[in-house]
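Everything below concerns the one structure shown next.
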Amino acid sequence: GAVVSQHPSRVICKSGTSVKIECRSLDFQATTMFWYRQFPKQSLMLMATSNEGSKATYEQGVEKDKFLINHASLTLSTLTVTSAHPEDSSFYICSAYTGTAGYTFGSGTRLTVV
Amino acid sequence: DAKTTQPTSMDCAEGRAANLPCNHSTISGNEYVYWYRQIHSQGPQYIIHGLKNNETNEMASLIITEDRKSSTLILPHATLRDTAVYYCIVRVDRDDKIIFGKGTRLHILP
Numbered sequence: 604g605a606v607v608s609q610h611p612s613r614v615i616c617k618s619g620t621s622v623k624i625e626c627r628s629l630d631f632q633a634t635t636m637f638w639y640r641q642f643p644k645q646s647l648m649l650m651a652t653s654n655e656g657s658k659a660t661y662e663q664g665v666e667k668d669k670f671l672i673n674h675a676s677l678t679l680s681t682l683t684v685t686s687a688h689p690e691d692s693s694f695y696i697c698s699a700y701t702g703t704a705g706y707t708f709g710s711g712t713r714l715t716v717v
Numbered sequence: 023d024a025k026t027t028q029p030t031s032m033d034c035a036e037g038r039a040a041n042l043p044c045n046h047s048t049i050s051g052n053e054y055v056y057w058y059r060q061i062h063s064q065g066p067q068y069i070i071h072g073l074k075n076n077e078t079n080e081m082a083s084l085i086i087t088e089d090r091k092s093s094t095l096i097l098p099h100a101t102l103r104d105t106a107v108y109y110c111i112v113r114v115d116r117d118d119k120i121i122f123g124k125g126t127r128l129h130i131l132p
């Protein structure tokens, strides 16, 4: 079936640094990908919609200058958390529409900012 | 906002059928009902989806009421590995964003 590969699975970074998370569609092309954030014991919260070749669409309250999204090809979207702070520590998940199975999700990235 | 309401948590004995309800009383005629589950610290996993008719696959069955205002996900023989949070979602277009509600935390009891 369709697979979305997300890397890294875990990352620890220092406050003030930037972290890039990659989301790849392995055997299909994804013109649209979605980025979510999930805090402990909470549901997934949609951050932004990533569109290949154009600017991402951010949900209300999500800082676009802090969470940079790039979707330069039909198989790769990246989320860069800039100037990370401890409150950015969270579980980040990407997804893409695959057709018959609806949306496929990546395995997630656990970000810890120290 | 999510268009669905689900019980916060449910218990089910191992080997029994787990029936997870979902209310989507404001669903539109062209919106599908999707079910996903999330096992701890993993990305959500697709289970099943349907529009009007009941659906069955190797994982589960989906029963949608005739008025489409509610549905039930059935895991026929629950195992400990089915312990997860189950999300019921309605959506329309292929690129329509998915908004997650709080889901149902299913505990399978040995």
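Which chain is which? The protein sequence lines are A and B, in order.
Reading the first sequence from the start, the letters are residues 604 to 717 in my numbering.
Reading the second sequence from the start, the letters are residues 23 to 132 in my numbering.
C-beta atoms are modelled at their ideal positions from N, C-alpha and C, and glycine is treated no differently.
Here A106 of chain B is buried, its C-beta having at least 16 other C-beta atoms within 10 Å.
DSSP places N76 of chain B in no beta strand (DSSP E); its state is neither H nor E. The straight-line gap separating the alpha-carbon atoms of V114 of chain B and K623 of chain A is approximately 31 Å.
Taking C-beta atoms under 8 Å as the contact rule, L649 of chain A and I121 of chain B qualify, at a distance of about 6 Å. DSSP, reduced to helix, strand and coil, places R103 of chain B within a helical segment of the structure shown.
The Cβ of I672 of chain A sits no closer than 9 Å to any Cβ of chain B. Short of 8 Å from the beta carbon of N76 of chain B, and not among the five residues preceding or following it, lie these beta carbons of its own chain, in chain order: S83, L84, I85 and I86. Residues of the same chain with a CB within less than 7 Å of the CB of Q632 of chain A, apart from the 5 flanking positions on each side, are L677 and T678 in chain order. For S693 of chain A, not one C-beta of chain B is nearer than 9 Å to its own C-beta. Exposure of T48 of chain B is indicated by the presence of fewer than 16 other C-beta atoms within 10 angstroms of its C-beta. From the beta-carbon of S710 of chain A, the residues of chain B found nearer than 8 Å are Q64 and G65. Distances from the alpha-carbon of A100 of chain B to those of B:H46, B:L42, B:T30 and B:A24 put B:L42 closest. Counting other Cβ atoms within 10 Å of its Cβ, Q28 of chain B reaches 16 or more and is therefore classed as buried. Across the segment 67 to 78 of chain B, CB contacts with chain A closer than 8 Å involve Q67, Y68 and H71, in sequence order along the chain. Among the residues facing chain A, V114 of chain B is not included, as its CB has no counterpart in that chain under 9 Å away.
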